[in-house]
Each structure stands twice: as structure tokens, then as C-alpha cells.
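What follows is one structure encoded as C-alpha cells, with my remarks underneath.
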Amino acid sequence: MPRKNTFSFEDIIEAAFQVVRKEGMAMLSARSIAKELNSSTMPIYSYLKSMKNLEEKIIQKAMALLYSYQTRARTGDSYIDIGLGYILFAKEEKHLFRCINDEKYMGLQMKYGAPNFEAMLPFLGDYASGLSDQNKRTLLFFGWIFSHGLADLISNAFHQHIPEFNTADENSIGLILKTVNDTFIKGFLG
Numbered sequence: 305m306p307r308k309n310t311f312s313f314e315d316i317i318e319a320a321f322q323v324v325r326k327e328g329m330a331m332l333s334a335r336s337i338a339k340e341l342n343s344s345t346m347p348i349y350s351y352l353k354s355m356k357n358l359e360e361k362i363i364q365k366a367m368a369l370l371y372s373y374q375t376r377a378r379t380g381d382s383y384i385d386i387g388l389g390y391i392l393f394a395k396e397e398k399h400l401f402r403c404i405n406d407e408k409y410m411g412l413q414m415k416y417g418a419p420n421f422e423a424m425l426p427f428l429g430d431y432a433s434g435l436s437d438q439n440k441r442t443l444l445f446f447g448w449i450f451s452h453g454l455a456d457l458i459s460n461a462f463h464q465h466i467p468e469f470n471t472a473d474e475n476s477i478g479l480i481l482k483t484v485n486d487t488f489i490k491g492f493l494g
């Protein structure tokens, strides 16, 4: 009689997520998941119908983690916190950041990122007072463009080669965001 699986599908998803978190999506395989679970590959194959399904679950979990980074109060300014959370996610979760921004998964990034984007609108706070819904989205989008650029530089360690670019800690990154956003808001609001 075959041995009963001792892992649930959720266990396999979590193990796969941890593999990607530590080593990147390129290292995801039934073998790496089994190693994470301290198991043979048989339970993995018995649950997996396709790697695409598993990759989608990983992207979904990564986007949920990103959302938690972006909605955590850090500076007292929820708009700055959105960008700061995005950048800290890139800094602390490099492999997940690269995964959700890989063009191979762009469809999934849009599927799970669009609801995150919409959920950020209420966090604009005073910045959004008096703005139309379209202008709120534009403000958030432009903030994301800058934050994404900074996050990409930090996740790739490029920033370490520019002495004026101090991203050693949360406060330094927050100050960069605040300075840029204040300038941007003045121009945006006239």
C-alpha cells in the first residue's frame, strides 16, 4: 500500500515560497521543494499538476507580502510609507522582488498588483484632498515609478557605488522619498 502523504498542498506552497524567497524562482523545482520539506519528491509530484499553478501561488503570496510592507506605518506619513515599504521589500526580499517584476510573470503581477494598487488609494491621505479619482491614481502611479526605480537600484546593489546615495537605513530612504515627493507634489498640485 502506498504511503500516505504527510504534507498538504498548503505545505508545498509554503515550502516553494521559501525556496523562491531564499534562492529565486530559477531554483524552484520539485527537488528543491522536497529538500525544503525534508522529504522525497513523491509527495510534491502527487500534488503538483503544473509548475505554472505553483508559480502563480508564489506570486500571489509575494504580492500579499509586498502589500503588508507597503501598508505598515513607519514614518507617520502613509503616502511615504507606501513607497518606503516597496523599497524595503526590494531590499529585504530581493528574490521575491525580482520574481514579481520578471516579465515572465507580468500577467500575474498585473492580476495581483492591480488590486494592491487600488487598495493603496486611501493611504494617500492629505496628499489626495481635493484631487479627482484620476489624479489620485496619477499621483500614486508617479510615486510608484520613482519608488520602483529606487527599489531596483537597491535590490541590485547599484546604490553602493554612489557615495551621495545613502540608503543604509529606513530613515535615509524615507528622507529621499519625502524630498522627492514634496517636490513632486508641489509641481503636481501647482
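The sequence shown begins at 305 in the working numbering and counts up one residue at a time. We put the CB at the ideal spot given by N, CA and C, even for glycine.
| Item | Value |
| --- | --- |
| Comparing alpha-carbon positions, which option in F313, T310, D315, L358 lies nearest S258? | Shown here, the chain extends from 305 to 494; a query on residue 258 therefore has no answer. |
| Let me make sure I understand the geometry here. Which of Q364, G389, K361 has the alpha-carbon closest to that of Q374? | G389 |
| Buried or exposed: Q438, going by 16 or more other Cβ atoms within 10 Å of its Cβ? | exposed |
| Count the C-beta pairs between the segment 477-490 and the segment 436-451 that are closer than 8 Å, then say yes if the count reaches three, no if not. | yes |
| Buried or exposed for S336, please, with buried defined as at least 16 other CB atoms from any protein chain shown within 10 angstroms of its CB. | buried |
| Hey, could you find the ends of the alpha helix (DSSP H) E359 is sitting in? | 355-375 |
| Going by C-alpha to C-alpha distance, which of E407, F462, D385 sits closest to G429? | D385 |
| So, is F401 buried or exposed, given that buried needs 16 or more other C-beta atoms within 10 angstroms? | buried |
| Spell out a yes or no on whether the segment 409-423 and the segment 338-354 are touching, meaning 3 or more CB-CB pairs, one atom from each, closer than 8 Å. | no |
| Are the CB atoms of Y416 and M367 nearer to each other than 7 Å? | yes |
| For the alpha helix (DSSP H) containing N405, list its first residue and its last residue. | That residue, N405, is in no alpha helix (DSSP H); it is neither H nor E in DSSP. |
| Just to check my reading of the structure: A455 and A394 have Cβ atoms closer than 8 Å, yes? What is that Cβ distance to the nearest angstrom? | 4 Å |
| Smallest Cα separation from I316: which of G328, E327, M355? | M355 |
| Taking the C-alpha atoms as reference points, what is the distance between N342 and I363? | 23 Å |
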